[in-house]
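Worksheet: the structure to be examined is printed underneath.
Residue numbers (my numbering): 19 to 91.
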């Protein structure tokens, strides 16, 4: 099966992630014969993020003031 970011079955579903990882493994299995010596899967996604394309409201003012002396140098 072929993965496409344009048409995932359900965005970031378990089935979609399985298909993506299988595609990566297939490519890396071929490259391992030439020059790849290992692979590491790094999970960057937040699993509880609401599905959609709009970013949330990132109000940075709510973070508070930086600690004293933080930008002194």
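Cβ coordinates follow ideal geometry from the N, Cα and C atoms, glycine included.
| Query | Result |
| --- | --- |
| Would you tell me roughly how many angstroms separate the C-alpha atoms of residue 59 and residue 85, rounded to the nearest one? | 36 Å |
| In chain order, what residues of the same chain have a beta carbon less than 6 Å from the beta carbon of residue 52, not counting five sequence neighbours either side? | none |
| Excluding sequence positions up to five away, which residues of its chain have a Cβ less than 8 Å from the Cβ of residue 39? | 59 |
| For residue 54, collect the residues of the same chain with a Cβ closer than 7 Å to its Cβ; drop the 5 residues on either side in sequence, then sort them by chain order. | 46 |
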